[in-house]
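*Asks:* For reference, the structure I am asking about is given below.
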Ligand SMILES: Nc1ncnc2c1ncn2[C@@H]1O[C@H](COP(=O)(O)OP(=O)(O)OP(=O)(O)O)[C@@H](O)[C@H]1O
Ligand SMILES: [Mg+2]
């Protein structure tokens, strides 16, 4: 891409970025959050009812789970609640000790780095945390820390030997929590993200071990995951009994999606320049339908459609432009190198929400071992993903951008290049 194409539209930077909204920092300010009023109220109610709680937020990939919890925490901070600013990205190989150490670290780093929290805990306790984290980090060891840094990239990983017992870390964490609670007189809010990336068996193991920690007084524990996470938790009765009903986040409505983008355009407006919206309603409606309202996939598609077609003129893409640009992209970039029969398998998967080997084999009259080979190739090249597994049955779905193949290619007399050409050149 040459230069900044967004300037052509009077927009200061990419309005289609799909990073989650962060409490502090981030490309887009958290005030860009739209909708979900009822679910926000539900969460607020849980925060304000006294006592500790364990709340699971569930939804599909990219529906807006992380942004939802961050926005709730952003509002809670304004009400005087304390919450460690970075979400804690739980990793699949964590044990209970690493889980608690990373919780404590998130609290520590928040007190250390954010001006508002200086002096929140006693000097003595702060020194204890400092020696625990800084000395271990400096000497090249850590105590099983995986949280590091801010700005939407919390996943940096450091792991090494542990020098404290689980009990000692839990006791220290509880001491810190009590001090903060006494100061603020409000329960803490701790946000654990990405549990959907952890296998059921690992969740069952980890949460089973953490049951007592989860009952630490004065904390609202918030976990973000999906249906599989919920099922795993339901599978451990001692743990599920301390959880409240999950909050389910569904895909956005069309009006919400439209508003999200309009709010972004508004916030990114370059003062004094006329702003042009890069797409029209027909394009948005088409993508909304294609992805059933999944905000992440819609934003990604708009991003691709604009950045891969616009050069010097701020054209407004309609549905047929977007359909042509995106389906061409996928054909040129990905389909060229795929064997014809593998392509048939891929197309079958693209057309289905999810499908098994048997489903494909029946539909294409192809032997199952042959389907297996193609499935494995398609998976390795990132065209398809395993959506879920039920016993031995594996359900496959296409990677989101392959759905672009479903966009109809309208028969238009002139191609896009002509449309891109200024009138006087035609
Ligand atoms: N309610 C909302 N208002 C405004 N923007 C939103 C909202 N929900 C989601 N978004 C935007 O949609 C994109 C996806 O959101 P987010 O990353 O929070 O989803 P997620 O469900 O956590 O995704 P993942 O499953 O990948 O973790 C982000 O760019 C975010 O800014
Ligand atoms: Mg997320």
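In the working numbering, the protein residues as written are 1 to 426. The C-beta atom is built at its ideal place from N, Cα and C for all residues, glycine as well. Computed from a predicted structure; not experimentally measured.
Just how far apart, CA to CA, sit residue 12 and residue 80?
*Replies:* Residue 12 and residue 80: Cα-Cα distance of roughly 33 Å.
*Asks:* Could you round the C-beta distance between residue 376 and residue 218 to whole angstroms and report it? I think they count as a contact, below 8 Å.
*Replies:* Rounded, the Cβ-Cβ distance is 50 Å, inconsistent with contact.
*Asks:* Terminal residues of the continuous alpha helix (DSSP H) containing residue 512?
*Replies:* One cannot answer for residue 512 here, as it falls past the ends of the chain, which runs 1 to 426.
*Asks:* Tell me where the alpha helix (DSSP H) around residue 297 begins and ends.
*Replies:* Run containing residue 297: 295–307, per the alpha helix (DSSP H) assignment.
*Asks:* Closer than 7 Å: is that where the CB of residue 87 sits relative to any heavy atom of ligand 1?
*Replies:* It does not: the Cβ of residue 87 is nowhere closer than 7 Å to a heavy atom of ligand 1.
*Asks:* Pull up the distance between the alpha-carbon of residue 43 and that of residue 56, whole angstroms please.
*Replies:* If you take the alpha carbons of residue 43 and residue 56, they lie about 10 Å apart.
*Asks:* Quick check: what's the CA-CA separation for residue 203 versus residue 95?
*Replies:* Cα to Cα, residue 203 sits roughly 10 Å from residue 95.
*Asks:* Can you tell me whether residue 274 is helix, strand or coil according to DSSP?
*Replies:* In the structure shown, residue 274 sits in coil (DSSP, three-state: anything other than H, G, I, E or B).
*Asks:* Below 8 Å on the Cβ atoms is my contact criterion, and I expect residue 252 with residue 35 to pass it. Report the Cβ-Cβ distance as a whole number of Å.
*Replies:* Confirmed, about 7 Å.
*Asks:* Please determine, among 306, 127, 301, the residue with the shortest C-alpha to C-alpha distance to residue 18.
*Replies:* It is 301.
*Asks:* Give me, in chain order, the residues of the same chain whose beta-carbon lies closer than 8 Å to that of residue 417; leave out the 5 immediate sequence neighbours on both sides.
*Replies:* Its pLDDT being 48, under 50, residue 417 is placed unreliably in this model, and the value from its coordinates should be taken loosely. Cβ within range, chain order: n/a, list empty.
*Asks:* Hey, would you say residue 404 sits closer than 8 Å to residue 330, going by beta carbons?
*Replies:* It is a contact, given that the beta carbons lie within the stated cut-off.
*Asks:* When we look at the beta-carbon of residue 165 and count the other beta-carbons within 10 Å, is it buried (16 or more) or exposed?
*Replies:* Exposed, because fewer than 16 other Cβ atoms sit within 10 Å of the Cβ of residue 165.
*Asks:* Any chance you could list the beta strand (DSSP E) runs of at least 3 consecutive residues sitting entirely within the segment 152–228, in chain order?
*Replies:* List check, beta strand (DSSP E) in window: 188–193, 219–225.
*Asks:* Just the Cα atoms here: how many angstroms apart are residue 181 and residue 68?
*Replies:* So the two alpha carbons sit approximately 24 Å from each other.
*Asks:* For residue 110 versus residue 88, is the C-beta distance shorter than 8 Å?
*Replies:* The answer is no: Cβ separation not under 8 Å.
*Asks:* Under 8 Å, do residue 233 and residue 190 count as touching if we go by C-beta distance?
*Replies:* For residue 233 and residue 190, no; Cβs fall outside 8 Å.
*Asks:* Just to confirm my understanding: we take residue 238, look at its own chain, exclude 5 residues before and 5 after, and list those with CB closer than 6 Å. What are they?
*Replies:* So the qualifying residues of the chain are 211.
*Asks:* Go through the segment 60–94 residue by residue and report every complete run of the alpha helix (DSSP H) that reaches 4 residues or more, in order.
*Replies:* Here the runs fully enclosed are 65–78.
*Asks:* Please name the residue, chosen from 168, 91, 290, 114, that lies closest to residue 84 on a Cα-to-Cα basis.
*Replies:* When each option's Cα is compared against that of residue 84, the closest is 114.
*Asks:* Which of helix, strand or coil does DSSP assign to residue 131?
*Replies:* Helix.
*Asks:* Taking the alpha carbon of residue 175 as the reference point, which residue from 213, 235, 209 has its own alpha carbon closest?
*Replies:* For the residues 213, 235, 209, the minimum Cα distance to residue 175 belongs to 213.
*Asks:* Our contact map puts residue 260 next to residue 10 with C-beta atoms below 8 Å; I'd like the distance itself, whole angstroms only.
*Replies:* The Cβ separation is near 19 Å, so there is no contact.
*Asks:* Would you call the segment 295–313 in contact with the segment 342–354, where contact means no fewer than 3 C-beta pairs closer than 8 Å?
*Replies:* No, the segment 295–313 does not touch the segment 342–354.
*Asks:* Counting C-beta neighbours from all protein chains within 10 Å, is the total for residue 5 16 or more, i.e. buried, or is it exposed?
*Replies:* Buried, because 16 or more other Cβ atoms sit within 10 Å of the Cβ of residue 5.
*Asks:* Alpha carbon to alpha carbon, how far is residue 374 from residue 169?
*Replies:* Those two C-alpha atoms are separated by around 49 Å.
*Asks:* Quick one: any contact between the segment 272–292 and the segment 384–398, if contact means 3 or more CB pairs under 8 Å?
*Replies:* No, they do not touch.
*Asks:* Do residue 268 and residue 15 have their C-beta atoms closer together than 8 Å?
*Replies:* Yes.
*Asks:* Do residue 229 and residue 196 come within 8 Å of each other at the CB atom, strictly closer than that value?
*Replies:* Taking 8 Å as the Cβ cut-off, residue 196 and residue 229 qualify as a contacting pair.
*Asks:* Return the CA-CA distance between residue 317 and residue 368, expressed in angstroms with no decimal places.
*Replies:* Rounded to the nearest angstrom, the two C-alpha atoms are 42 Å apart.
*Asks:* Measuring CA to CA, which of 355, 365, 319, 348 is closest to residue 407?
*Replies:* Cα-wise, what sits closest to residue 407 is 319.
*Asks:* Please work out which residues of its chain come closer than 8 Å, Cβ to Cβ, to residue 153, disregarding the five sequence neighbours upstream and downstream, and give them in chain order.
*Replies:* Residue placement at residue 153 is poorly supported in this model, since its pLDDT is 36, which falls under 50; the coordinates still yield a value, given next. Around residue 153: no qualifying Cβ.
*Asks:* My output table needs one value for residue 389: the three-state DSSP class, helix, strand or coil.
*Replies:* Three-state result, residue 389: strand.
*Asks:* I need the straight-line Cα distance from residue 354 to residue 401, nearest angstrom please.
*Replies:* Those two C-alpha atoms are separated by around 15 Å.
*Asks:* Which ranges does the alpha helix (DSSP H) cover as unbroken runs of at least 4 residues, wholly within the segment 226–266, from first to last along the chain?
*Replies:* Runs found: 227–234, 237–240.
*Asks:* Is it the case that the Cβ atoms of residue 58 and residue 227 are separated by a distance below 8 Å?
*Replies:* Yes, Cβ-Cβ distance for residue 58 and residue 227 is below 8 Å.
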